[in-house]
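Line by line, the protein sequences give chains A and B.
Mapped onto our numbering, the consecutive letters of the first sequence carry residue numbers 703 to 935.
Mapped onto our numbering, the consecutive letters of the second sequence carry residue numbers 703 to 935.
Cβ coordinates follow ideal geometry from the N, Cα and C atoms, glycine included.
So the structure is just underneath, and the comments pick up after that.
Number of protein chains: 2
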Amino acid sequence: MPKLDASLIAGLPPFEGLQRDELEEVLAPARSIRFAAGTAIFDQEAEAESFFVLLDGYVRVVRTTPEGQQVIVRYISEGEIFGIAAALGRTTYPATAVAAMDCVALAWPSALWPELSSRFPSLGANTYKTVGSRLQDAHTRVVEMSTEQVEQRVAHALLRLVKQTGRKTEEGIEIDFPITRQDIAEMTGATLHTVSRLLSAWEEQNIVKSRRKHVTVCNPHSLMLKAESRDKT
Amino acid sequence: MPKLDASLIAGLPPFEGLQRDELEEVLAPARSIRFAAGTAIFDQEAEAESFFVLLDGYVRVVRTTPEGQQVIVRYISEGEIFGIAAALGRTTYPATAVAAMDCVALAWPSALWPELSSRFPSLGANTYKTVGSRLQDAHTRVVEMSTEQVEQRVAHALLRLVKQTGRKTEEGIEIDFPITRQDIAEMTGATLHTVSRLLSAWEEQNIVKSRRKHVTVCNPHSLMLKAESRDKT
DNA sequence: CGGAAAACTTGCGCTCGCGCAAAGTGAGAT
DNA sequence: ATCTCACTTTGCGCGAGCGCAAGTTTTCCG
């Protein structure tokens, strides 16, 4: 195993506020792992042996119901920490994490969390801050699911993805990883049929452009209008 | 202000693992406050000046949309910590907390959190553990909202309330605080009309008994059936 | 004790979005 | 090169549950 360099993680949100030598100390027990697109990084209900920081790619976090229905809980972007069951007093993962494209991640043994977080308080603080914002995100989604129509929810979901992972192209801002209608449906509590219809309608209006597994938002402002008001403009 | 006694908080989940003298130390900067039913303990978006532990009563946590729609995020029971924006790196409260009945709570200045949690690591660990389970609860609700019909969601919500706050009576298990059809609707993303219809139908089948602002579950098993399967038995 | 507000019930019609079905299309594999 | 599978589109009908409306009951308060 090659020795990992501190510059790998310098500047990433979880490690903000750490000194160079501290970074190296944190990094020492980590190993770097590649995951091919579509492979599981960890499985729901499995023993939480590791926690991770994503160095490259995108990860989809999915919860599966006893009946086999899937719901996408969130997408993880570069630099984010995930799989932190240990930090929240759990011994198993509450969801499955799947590489949405080829990924590279650092992995630490969960057992090291108490030591690491107490030795490097900023690490703990940074982590709990992201937990806080994820809790808020989750509540925001509950509110959306409770109060909005499908069209608004899909619009909100696209806007969030574009904001989180958007990559500028000549036609607009493209979501930076392969995403299907089915995926969008699982994020919004809709069916792939309805999502497909919405995207077609929006393409008609030059608000989005989509190809197989790719979505580009051309007119974010119009999409925001769709997201806000429930009248049928 | 009367000096508070350590026995007040001994045995409460957030303070598990603390010694007697530590409890007193933790308690020193706290003050005890009463809240009349219906009054706000803190408001969404307000500066997070304090965090709280509920000693008596129940608290409703509500998020309000820009359009004025309300969604009940959760209920807080005796012994739970809440309003911990500070622990999650926030400076404002993400939701409003309202006393669902007359309540007594302890309040600490938010500014003390870093010191308290580092001086008493169990306090931090206990708190983050509850944050973890709340994050999970929120995701569970997202999954429910995505995959279940209204009837199942209402059944699940009642079962959860009964489990969390149930008080045994001769007729069954009663939810321990005043709760309206509107409240249940705001927990489940339904309308009060639909909730009313469901409760009427279930009363017909001797599954629940409800009076104004009170709900008793007589037959939890039948209610679990309603919660699980989407066929119309 | 009486009046009013708050909470609850019930009926009716309509619409959003699902369920089902079937055909079309792009992309990777051999 | 073409085959095949995964992804996508589109049509049609139906039903859950909302929106609106009107009426009833309970509790609170003067």
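Taking the Cα positions, Met-926/A is about 11 Å away from Arg-932/A. Under the Cβ distance rule, Met-926/A does not count among the residues neighbouring chain B, no pair being separated by less than 8 Å. Under the DSSP assignment, Arg-733/B falls in the beta strand (DSSP E) whose first and last residues are 733-737.
No Cβ-Cβ contact shorter than 8 Å links Tyr-830/A with Gly-759/B. One alpha carbon belongs to Ala-738/B, the other to Arg-843/A, and they sit about 31 Å apart.
Contact between Val-917/A and Leu-861/A does not hold, since the beta-carbon distance rounds to 11 Å and is not under 8 Å.
In this structure, Asn-921/A is the residue among Asn-921/A, Val-761/A and Val-852/A with its C-alpha nearest to the C-alpha of Glu-873/A. Counting along the chain, Glu-876/B sits inside the beta strand (DSSP E) bounded by residues 875-877. The beta carbon of Val-833/B falls within 8 Å of a beta carbon belonging to chain A, placing the residue at that interface.
The beta carbon of Phe-879/B is closer than 7 Å to those of Tyr-760, Ala-802, Met-803 and Thr-867 in its chain, skipping five residues each way along the sequence. Within a 10 Å sphere around the beta-carbon of Ser-902/A sit fewer than 16 other beta-carbons, which makes this residue exposed. Gly-781/B and Leu-756/B do touch by the CB rule: their CB atoms are close to 7 Å apart, below 8 Å. Nearest to Ile-778/B by C-alpha distance, out of Val-910/B, Ser-734/B and Arg-762/B, is Arg-762/B. Between Arg-821/B and chain A, the shortest Cβ-Cβ separation is not below 8 Å.
Within chain A, no residue has its CB atom less than 7 Å from the CB of Val-761/B, the nearest being about 16 Å off. Taking a Cβ-Cβ threshold of 9 Å, the residues of chain A close to Val-844/B are Arg-765, Val-773, Val-775, Ala-840, Arg-843, Val-844, Met-847 and Gly-891, in chain order.
For chain A, none of the residues of the region 724-746 of chain B brings a beta carbon within less than 7 Å of one of its beta carbons. Of the candidates Ala-807/A, Val-775/A, Trp-810/A and Pro-816/A, Val-775/A places its Cα closest to the Cα of Ala-887/A. When DSSP reads this structure, Gly-868/A sits in a beta bridge with Ile-877/A. Listed along chain A is no residue with a C-beta nearer than 7 Å to that of Tyr-795/B; the closest approach is about 11 Å. The C-beta separation of Ala-813/A from Ala-929/A comes to about 43 Å, leaving the pair out of contact by the 8 Å criterion. The beta strand (DSSP E) runs of length 3 or more contained entirely in the region 722-798 of chain A are, from start to end of the chain, 733-737, 742-744, 752-758, 761-766 and 772-778. Counting only runs of 4+ residues, the alpha helix (DSSP H) found wholly inside the region 798-872 of chain B occupies 815-821, 823-849 and 852-867, in chain order. Across the structure, Ala-840/B and Pro-796/B are spaced so that their CA atoms are roughly 14 Å apart. Burial state of Asp-885/B is buried, judged by a 10 Å Cβ sphere holding 16 or more other Cβ atoms. What Leu-790/A touches in chain B, judged by beta-carbon distance under 8 Å, is Tyr-830, Lys-831, Val-833, Gly-834, Ser-835 and Leu-837, going in chain order. Its chain contains Ala-750, Phe-753, Thr-793, Thr-794, Tyr-795, Pro-796 and Ser-812 as the residues whose beta carbon lies nearer than 8 Å to that of Ala-787/A, once the 5 sequence neighbours on both sides are disregarded; these appear in chain order.
Neighbours of Ala-929/A in chain B, taken as residues at a C-beta separation under 7 Å, are lacking, since the least C-beta distance is about 12 Å. Taking all protein chains in view, the Cβ of Arg-883/B is crowded by 16 or more other Cβ atoms within 10 Å, so the residue is classified as buried. The DSSP-derived three-state label of Arg-913/B is strand. Closest by C-alpha distance to Pro-823/A, out of Phe-717/A, Met-889/A, Lys-705/A and Thr-893/A, is Phe-717/A.
At a cut-off of 8 Å between C-beta atoms, Ala-827/B counts as an interface residue with respect to chain A. The beta carbon of Arg-765/A sits closer than 6 Å to the beta carbons of Val-773, Val-775 and Ala-797 from its chain, once the five residues preceding and following it are set aside; these are given in chain order. Looking only at Leu-863/B, Trp-904/B, Val-728/B and Val-910/B, the smallest Cα-Cα distance to Ala-809/B is reached by Val-728/B. DSSP places Thr-896/A within a helical segment (H, G or I) once states are collapsed to three. Per DSSP, the unbroken alpha helix (DSSP H) holding Glu-888/A starts and ends at 883-890.
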